[in-house]
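Position 35 of the sequence shown, counting from 1, maps to 35 under my numbering, and the rest follow consecutively. Just so you know, even glycine gets a beta-carbon here, dropped at the ideal spot from N, CA and C. Have a look at the structure below, then the notes.
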Amino acid sequence: MCRNYLLAFFFLSFFLLPQGAFAHSMCGYTLDPHEIHLEWTAFKTNQKIAVKGSFEQIHWEGRFQGARPLQMIRKLKMSLKPQSVESGSSERNQNLKDYFFGKMEDPSEITASVVQINGRDNGILKIKLQMNGKTKIIPLHWQKNEEDVFSATGTLDITDFGMAPALDTLQQACEKQHRGKDGVSKTWSEVDLSLTAHFKKVCR
């Protein structure tokens, strides 16, 4: 008799629980590679005027579904074509292709992969970036908001990748465009990076 009462109580409790009470065990996340965006910000003049851009040809690899977003971030890999640079100006695009990326040891590809991520809702993301025959670990500060949007930002110095000669060539080609109000022309070696990924929660 007691056993029957326990069984009846269990089934009654299950059906009377609000919908979603067990949702955490039946929900996961997906990531569309088209919803991953990488942007860069370079700087010119002593006033450090920002020039933003991206790349039109980026290939993402990894795991695009999982129980938690960070599971997918940990597996993320990227390869891009430097010649697909897009800065909002056709003239500037061509200058970057000819006088900067075109001077790389291998101008056909830049690759990156996630090597470490710590934190729960924010923390440090470390990526291994390979460019111009050099490999460096770049730390990014990341966070995820309530809308399941992951974002990470950081800064790299292109001279760390042996790109000082290319930077000088670009500076000479764009001396007039990079001259500030003080009459000094300058192209900064620091470049800011911004990575965003929009996850979609899926429940069954």
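To the nearest angstrom, how far is the alpha carbon of residue i from that of residue j?
i      : j      : result
GLY28  : ARG92  : 42 Å
VAL184 : LEU129 : 32 Å
LYS48  : TRP188 : 8 Å
THR153 : LEU195 : 6 Å
TRP60  : LYS186 : 34 Å
ASP160 : ASP192 : 14 Å
GLU35  : LYS103 : 31 Å
VAL85  : ILE158 : 16 Å
LEU227 : GLU105 : An answer regarding residue 227 cannot be provided, because it is not within the stretch 1 to 204 covered by the chain.
PHE199 : SER90  : 32 Å
HIS24  : ALA50  : Its pLDDT being 47, under 50, HIS24 is placed unreliably by the model, and the measurement read from it follows with that caveat. Rounded to the nearest angstrom, the two C-alpha atoms are 43 Å apart.
GLY119 : PHE150 : 13 Å
GLU146 : ILE58  : 27 Å
Checking 8 Å against the spacing of the C-beta atoms, do residue i and residue j come in under that value?
i      : j      : result
ILE124 : PRO139 : yes
LEU258 : PHE64  : Limits of the chain in this structure are 1 at one end and 204 at the other, which puts residue 258 out of reach.
GLY162 : LYS126 : no
LYS81  : SER54  : no
ARG204 : MET78  : no
PRO33  : ASP148 : no
ASP121 : LYS136 : no
PHE43  : GLU190 : yes
Label residue i either buried or exposed according to how many other C-beta atoms from any shown protein chain fall within 10 Å of its C-beta, with 16 as the threshold for buried.
i      : result
PHE22  : Residue confidence for PHE22 is low, a pLDDT of 41 falling below 50, so the modelled location carries little weight; the figure read from the coordinates is stated next. PHE22 should be labelled exposed.
VAL115 : exposed
LYS52  : exposed
HIS178 : buried
VAL202 : exposed
LEU17  : Unreliable positioning characterises LEU17 in this predicted model, as indicated by a pLDDT of 45, which lies under 50. The coordinate reading is nonetheless provided below. By the neighbour-count rule (16 or more Cβ atoms within 10 Å), LEU17 is not buried but exposed.
PRO165 : exposed
ALA197 : buried
ALA112 : buried
GLN94  : exposed
Can you tell me the Cβ-Cβ gap for residue i and residue j, rounded? I've got them flagged as a contact below 8 Å.
i     : j      : result
MET72 : GLY88  : With 8 Å as the limit, MET72 and GLY88 do not qualify as a contact, their Cβ atoms being about 30 Å apart.
THR45 : GLY180 : 3 Å
Quick check: the stretch 98–109 against the stretch 163–171, are there 3 or more CB pairs under 8 Å?
yes
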